[in-house]
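Following: one structure in structure tokens, then a few remarks.
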Amino acid sequence: MIEIMPKCWNKATKPDLFCPGCGHGIVLKHLGYAIDTMEIRDKVTLGIDIGCSLLAWNFFNFDTVQTHHGRTAPTMLGYKRAQPERIALAYMGDGGAYAIGLQSILHAAMRNEPITIIVVNNENYAMTGGQASPTTETGTITITTPLGKAKDSVGGLKGPELVRMMADKNAYVARTTMANPIVMQNMIKKAIKTQAETNNFAFLEILSICPTNWRTNAKESLHRVVEMEKHYPLGEFLKEDK
Amino acid sequence: MSELKILLAGEGGQGVQTIAEVLAEAFALEGKEVSYIPAFGVEQRGTPSVAYLIVSNKEIRYPKFELADYLIILQKRAIDTVKSYSHIGAKIIFDSSTISLGDLPKTETAVFGIPATQIAIEQFYAKAFNLIILGKLAKVFGLDQDKVWELLFGQLKSKFKTKEIEKQAERAFRFGYGFVFEVKKYSEPVFQPSKHDIVVKGFGKTAKIIPARCKGCGLCITKCPVAALKNSKELGVYATPVPEIDLERCINCGNCRLFCPDGAIEVNKDK
Amino acid sequence: MSNKLITGNDAIVAGALDAGAEIMFGYPITPASEILHNWVKECGKNKKIQCLQTEDEIAAGFAVLGAVLGGKKAFTASAGPGHILLQDALAMAENLRLPFVGIMMQRGGPSTGTVSFGQQEVNLAIHGGNGDGLRIVYSASSILELYTLTIKAFDSAWRYRFPTIMLGDGYLGKMATTLDLPKPLHPVIAKPILPGRTTPVFLRNCYSNETELNGHLNNNIRDWRDNFARMAESEIYGVKTPKVLIIAHGIVAAAAKDAIDVLRKEKVSLGLFRPITLNPFDHPSLLRAVKNATRVLIFESSLDQLSYIVKYNLSGSKIRIIENAKPALAFTAGEIVTTVRKEIND
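This is how it looks when you write it as structure tokens:
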């Protein structure tokens, strides 16, 4: 039976400090359910970035470490080398993953580091006030793109596609959305199992909502995250055999 | 008046900083030296939002102070953060619909209440809260009502999605301006988050809603496929409405639990 | 006596191994690259240790933090521009009290500078982050010290939990000699910081409340001050409380010792105060050393980086201080002799 909230959530820190309707709450809930069902609470160490993800520092009742912005992947791969039996999760937003931290993620993929990276993509730097990020789509108005984000060569960085090119064929690379929580939960489990059971790299981007900076209500937020799929398609990305 | 020190304390999302900014601009229009600075942490919501406002006839060098002449307290949770700024001569203006007298720091001057949350919800709309407060503060500080509205409109006009909302906003502001303070006879702080879990049984199902965790985001209501959820009169942790459920309509699909970011709602089939 | 030549960089690797280090993360940079090469070779011989060449020093620094969180003695080695990039990880280590060990083989700066020699990374090692400099910084002046201080760096880092840097330089790193290395006693046991024993550990470096951060920092400062005397080290060479006191660190101090040997024959009351830790600085020993001194001569291959520290520790004293600064350029013993003679005869 599903609980009202995951067993591995830290009850003492609820209600948490995420904004009302923040996508992180839903992602972390299904990450929690995944950890509950897989019974790995005492094996998991969670690394988080500096952005809204930092608010998860005492969110669960397992070990969590805040790193620096864009540095969660290298910290957790170092941790995994010291504690290979544990499950190393690196949790971050689109800014930390695709701007300042992109280099480390691509090299971690290339080396097939056995960590699980989860990127919550809400198309902006939310904690600092909604500045445009690499995944902000062309034409979107943000506080640093008041006339709409200029068109660049891709119209918004496609992380999993990029990572897939660099990753091992046995790595798990996928994109899902918080708008479909059951599928998301399953893909989170797969991303964790890839590390825990096959010792390969796993990368999961999750399309998410930011009602505060998008200035949208629940309905509008959910509509926008579904629209995001037009540019950021969902799915599991497999390596093409050449 | 040589120097006036005003401390505004509320919670992220209440519009405290907008009030402070508009007041600062209004005082500046009157030829005063002003200084305004927010106190802030990383969170966007859920933690105290404090503003320091200094109004003077001479140059202001340092934006913060230790004791305030006026404490404007708009959120019970912010009181701990600001109580050290109070002193014998301080005047306290507070939201009497969510804060009780006993919660306030002790002061020997009169305490002034305005049940702004209640007024906003019952007569205007929830977000008009800070407009009502701003209206009243404009009167308290002897500022020109129309000039302050103009400044406010300049700040917020992009947020007024329709002309109707804009008109309501102005009405709320002017209502606040004309409101007579409660002194010694205050409203009951009825607009408080409900402390107890709500458990509803019926039609072979049990629903649980936890106001202490509900932030009023509306995701459950939006995702309910049979419109079995709607806003109730109960308030959640940020004084936003908590949903209520129609268990006859409910098909126990589990969406509300799947989508609630705060673990504040679930429905289970009775065994 | 062994007749096998070993370099300074070889000695560092030997020291790391004898200290119980198990993982190195590094990026190629002259004059520290040999440390990475040698460690890779050692990994070939011993499956228990690991090495990773990362994509840059930023990743190397944070991987070190991850590994020490996991309870393994980990380190990195770098220089100059790489030392700058490591400040991101060092700042996190400073806040969270993580036993980061870094070996920095100084080169001329700023910017890319030279690849060979300098002493201009002292400020960087102590204050390069956005904190107040609670880092233990050693300065090695011989190949033997590159070995012993590397071991000490691991020991201090894990015992006192402050990020620890050992400064060397390119000359020392590449210098080769024959040397029997002593065996260390009982390295400090490393324990994992995550996972926590009974309750989960929540580590944060970001605070919303200024008072909370100040409180946290005061705890760190208290630990720093409580252990100050244990961590600080120095050496006196020559006359113990001389009339003329030379102050220098690293290989410049080694040249100064040669200069003292020459001048001793001329019956000059001369001694060298050599800080072994630049931070914390051995203030009491310095005060003892200057007791009879009329003059202090500072020699450094940097501008003011050593002399600011010395002057801070001598504040209130009326001693005449002469600064000899040659940023990015070394001193020979002969130069030091000439300078001291000129000073004495003036």
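Chains as they are written, first to last, in my numbering: chain X, 83 to 324; chain F, 4 to 274; chain C, -8 to 337. Glycine residues also receive a C-beta, built at the ideal position from the N, C-alpha and C atoms. The structure displayed is predicted, hence computed values, not measured ones.
For V229(F), no alpha helix (DSSP H) encloses it, and the DSSP letter there is neither H nor E. The criterion of a C-beta distance shorter than 8 angstroms is not satisfied by F66(C) and P154(C). Assignment of Y207(X) by DSSP, reduced to helix, strand and coil, places it in the strand class. Per DSSP, reduced to three states, the secondary structure at Y314(X) is coil, with no helix or strand assignment. For W91(X), the nearest beta carbon of chain C is not closer than 8 angstroms to its own beta carbon.
Neighbours of M209(X) in chain F, taken as residues at a C-beta separation under 9 angstroms, are given in chain order as V45, E46 and Q47.
Apart from the 5 residues on each side of it in sequence, H274(C) sits with its Cβ closer than 8 angstroms to the Cβ of A223 and N304 in its chain, given in chain order. One thing to note: S69(C) has its Cβ within 8 angstroms of the Cβ of A23(C). As summarised for the stretch 151 to 202 of chain C, the continuous alpha helix (DSSP H) elements at least 4 residues long and confined to that stretch are 161 to 165, given in chain order. At least 8 angstroms separates the CB of F285(X) from every CB of chain C. At a cut-off of 8 angstroms between C-beta atoms, S130(C) does not count as an interface residue with respect to chain F. Between I254(F) and C223(F), the C-beta gap is not smaller than 8 angstroms, which leaves the two residues out of contact.
Here C263(F) carries a coil assignment [DSSP, helix/strand/coil].
Put simply, the CB of I84(X) is far from chain C, with every gap to its CB atoms at 8 angstroms or more. Chain order gives the chain X residues near G221(F) as G103, N299, A300 and K301, where near means a beta carbon separation below 8 angstroms.
When 8 angstroms is used as the limit between beta carbons, P318(C) is near no residue of chain X, the shortest such separation being about 31 angstroms. A Cβ-Cβ separation of about 5 angstroms places N194(X) in contact with F283(X) under the 8 angstroms criterion. Residues N0, D1 and V4 of the same chain have their beta carbon placed closer than 7 angstroms to that of N29(C), with the five preceding and five following residues left out of the count.
Between the beta-carbon of L74(F) and that of I95(F) there is about 5 angstroms, and that keeps the pair under the 8 angstroms contact cut. Counting only runs of 4+ residues, the alpha helix (DSSP H) found wholly inside the stretch 170 to 219 of chain X occupies 184 to 192, in chain order.
Pairwise C-beta distances place the stretch 215 to 224 of chain X out of contact with the stretch 258 to 278 of chain X, as fewer than three of them are shorter than 8 angstroms. Listed along chain F, the residues sitting closer than 7 angstroms to M87(X) by beta-carbon distance are G266. In the three-state reduction of the DSSP assignment, K272(F) falls in the strand class.
Around the CB of T189(C), fewer than 16 other CB atoms lie within 10 Å, so the residue is classed as exposed. For P72(C), the enclosing alpha helix (DSSP H) has its first and last residue at G71 to L76. Sorting G44(F), F178(F), I9(F) and E46(F) by C-alpha distance to the C-alpha of A27(F) places I9(F) at the top. Going by beta carbons, A316(C) and A250(C) fall outside the 8 angstroms limit. The residue from L89(C), Q44(C), T202(C) and G159(C) with its alpha-carbon nearest to that of S147(C) is L89(C). When secondary structure is reduced to three states using DSSP, V151(F) falls in the helix class. Assigned with DSSP and collapsed to three states, L125(C) falls in coil, not helix or strand.
The three-state reading of DSSP puts Y55(F) in strand, counting E and B together. Every unbroken stretch of the alpha helix (DSSP H) spanning 4 or more residues and falling wholly within the stretch 142 to 206 of chain F is given here in chain order: 148 to 159 and 166 to 181. Burial state of P66(F) is exposed, judged by a 10 Å Cβ sphere holding fewer than 16 other Cβ atoms. Secondary structure at N315(C): strand, using DSSP grouped into helix, strand and coil. Interface criterion not met: the Cβ of P154(C) is under 8 angstroms from no Cβ in chain X.
What E269(F) touches in chain X, judged by beta-carbon distance under 9 angstroms, is I84, E85, I86 and M87, going in chain order.
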